[in-house]
Ligand code: SF4
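Residue numbers (the working numbering): 621 to 1129.
Okay, structure coming up:
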């Protein structure tokens, strides 16, 4: 899709909506003049600088699918080019009033563009014109303003064009989150995130900071990384003396790809600095079954880890092989049983819907297998296609249609989780999600992942240590400031003092 757009600050909204309607296609967004120049080998005559009403420009720029012109005076005129039998026609679709810089105008514009794209494709999107990654934040804001359920649902539908099903889900989750967050003290409490950017192998869809553990271990880099991380943890502890740590989350990468000794050293450091037995939740992602051993699980248990993840993504062995997980479903079952034997009573399992070639029957099979294990949480992800992942290449070779996330697969996963006595407790969306759906965490009563809610609702400061992590300071008035750590492991090790200084700056007052 080639889209001509005259206002840069609308690019994100236009790109997000266009790509949601045309999944698997790259939206190319440029100014009309840039398209014109391209079509005319660089020539840009006086006509091209003329206004959008000049039909000559549109006729010449026949490499454009959609032209959006947002007038400075506040009115928006959108032209759609219909290419039929080689003839291009120009049509004025609607006029919107108001200043283009207001939130209201942007919101009306998104609904307007949604209407055009819906007409073009004949599709409706489950989340309507809502492109943000935190839909529950909207419902939570409205709840905090004291709005009744019906008013919240009406707002989600009329302002954002969200479907009935997703509006109800959003409200259900926001109410549950509110109950959990009301039990915390956001202004005094913080959460601590620790990133371990190593994995046994790289998954097809991965876009996280992840390095192959075996080669980094051979070069002694993993221990160097841990030493730098310990230094950062110590300094952060000094810096955050006045706060209480509510939750600790060790993620990655795959933290369980470290050796039992390295995990012991890491958790000993955390325990030396914080009263881990007193935190409300202490999670370690033991994500990949090919990295889990009884010894590692025992080390985690000994250090008061209260919640772990054993992530299958799917229980279909053929798919696991295809996505480069280097483990099979039996290893997932064995790791899960081992974790129960060691005493973990809060185990999450991550799933991904829309994996290459997976059918509704495959999702049903996975849910049945998980039901036999009876975990405490299931997090259902919709596959997100990130440019940085190998999945992009895979799609180029095999076509977009191999990814098949539908209402049906979403329903199978949701009903499967609910049939295990779980309820949805957090939700987020990502860009370029297969089927344009969402990721939802389901949990049994009392087993909600508190850190997951905190990171999505952005109501508490999260201090993050390790390569590629992001610290977010949340102020009392809701303002958020962030500082990033570099992603590259070697750079992180060599610049550790700079990473610590960035945090000092952030928490100076
Ligand atoms: S386990 Fe997670 S972080 Fe590691 S390669 Fe796979 S997707 Fe990436």
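Every residue, glycine too, gets a C-beta built ideally from N, C-alpha and C.
### Query
Are residue 826 and residue 908 closer than 9 angstroms when you measure CB to CB?
no
### 6 angstroms Cβ shell around residue 816 - same chain, five flanking residues per side excluded
Closer than 6 angstroms at the Cβ level, and outside the excluded window around residue 816, lie 872, 873 and 875.
### Task
Could you tell me which residues DSSP pairs with residue 1081 in its beta bridges?
810
### Query
Across which residues does DSSP place residue 746 in a beta bridge pair?
DSSP output for residue 746 lists no bridge partner at all.
### Task
Can you check the stretch 964-1007 for any alpha helix (DSSP H) of at least 4 residues that lies completely inside it and give the ranges in chain order?
980-993
### Task
Kindly indicate which residue of 1030, 1085, 1080 and 1091 has the alpha-carbon position closest to the one of residue 1061.
1030
#### Entry: Rounded Cβ spacing between residue 649 and residue 1073 (contact assumed at less than 8 angstroms)
Residue 649 to residue 1073, Cβ: 34 angstroms. No contact.
#### Entry: Cut-off 6 angstroms between Cβ atoms - residues of its own chain near residue 842, not counting five sequence neighbours on either side
836
### Task
Mind the definition here: the stretch 1004-1012 touches the stretch 979-991 only if three or more C-beta pairs lie below 8 angstroms; say whether that holds.
no
### Query
Out of curiosity, what's the CA-to-CA distance linking residue 1125 and residue 1113?
Each residue's alpha carbon lies about 20 angstroms from the other.
#### Entry: Three-state secondary structure (DSSP) of residue 1092
strand
### Task
Give the range of the alpha helix (DSSP H) segment to which residue 887 is assigned.
880-893
### Message
Looking at ligand 1, does it come within less than 8 angstroms of residue 1007, judged from the CB to the closest heavy atom?
### Response
no
### Message
Would residue 776 and residue 746 qualify as a contact pair, given that the criterion is a beta-carbon distance under 9 angstroms?
### Response
no
### Query
Of the choices 728, 762, 1117 and 1108, whose alpha-carbon is the least far from that of residue 829?
1108
### Query
For the stretch 968-979 against the stretch 915-933, are there 3 or more C-beta pairs whose distance is under 8 angstroms?
yes
### Message
Under 8 angstroms, with one C-beta from each stretch per pair, do the stretch 950-965 and the stretch 910-927 reach the 3-pair mark?
### Response
yes
#### Entry: Beta-carbon proximity of residue 1010 to residue 824, cut-off 9 angstroms
Taking a C-beta distance under 9 angstroms as the contact criterion, residue 1010 and residue 824 qualify as a contact pair.
### Message
For a test of the three-state rule: what should DSSP assign to residue 686, helix, strand or coil?
### Response
strand
### Complete runs of the alpha helix (DSSP H) confined to the stretch 798-881 [at least 4 residues]
833-838 and 841-859
### Message
Could you compute how far the alpha carbon of residue 956 sits from the alpha carbon of residue 947?
### Response
13 angstroms
### Task
Work out the CA separation of residue 753 and residue 788 for me, nearest whole Å.
17 angstroms
### DSSP three-state assignment for residue 1061, whether helix, strand or coil
strand
### Query
Would a C-beta distance cut-off of 9 angstroms place residue 1083 and residue 812 closer than the cut-off?
Going by C-beta atoms, residue 1083 is nearer than 9 angstroms to residue 812.
### Environment of residue 622 [buried if 16+ CB atoms lie within 10 Å]
buried
### Query
For residue 895, which of 877, 885 and 864 has the nearest alpha-carbon?
864
### Message
For residue 749 and residue 644, I'd like the C-alpha separation in whole angstroms.
### Response
Cα to Cα, the separation comes out at about 19 angstroms.
### Task
Have a look at the DSSP bridge pairing and note the partners of residue 1103.
For residue 1103, the pairing in a beta bridge is given by DSSP as 1091.
### Message
Quick check on the burial criterion: 16 or more other C-beta atoms within 10 angstroms. Buried or exposed for residue 1090?
### Response
Counting C-beta atoms within 10 angstroms of its own C-beta, residue 1090 has fewer than 16 neighbours from the protein chains shown and is therefore classed as exposed.
### Message
Within 8 angstroms, do at least three Cβ pairs link the stretch 938-947 to the stretch 972-981?
### Response
Yes: the two stretches touch, three or more of their Cβ pairs being nearer than 8 angstroms.
### Task
Kindly give me the distance between the Cβ atoms of residue 1092 and residue 1102, rounded to whole angstroms, as I take these residues to be in contact under 8 angstroms.
A Cβ-Cβ separation of about 5 angstroms places residue 1092 in contact with residue 1102 under the 8 angstroms criterion.
### Beta-bridge partners of residue 901, as assigned by DSSP
867
### Task
Less than 8 angstroms between the CB atoms is what I'm expecting for residue 889 and residue 996, so what's the real figure, rounded?
Beta-carbon to beta-carbon, residue 889 and residue 996 are separated by about 27 angstroms, too far to satisfy the 8 angstroms threshold.
### Query
Residue ranges of each alpha helix (DSSP H) run of no fewer than 4 residues wholly in the stretch 742-792, ordered along the chain?
755-764 and 769-780
### Query
Going by other Cβ atoms of all chains shown within 10 Å of its Cβ, with 16 needed for buried, is residue 1039 buried or exposed?
By the Cβ-count criterion, residue 1039 is exposed, with fewer than 16 other Cβ atoms from all chains shown falling within 10 Å of its own Cβ.
### Query
Between residue 1042 and residue 795, what straight-line distance do the alpha-carbon atoms span, to the nearest angstrom?
15 angstroms
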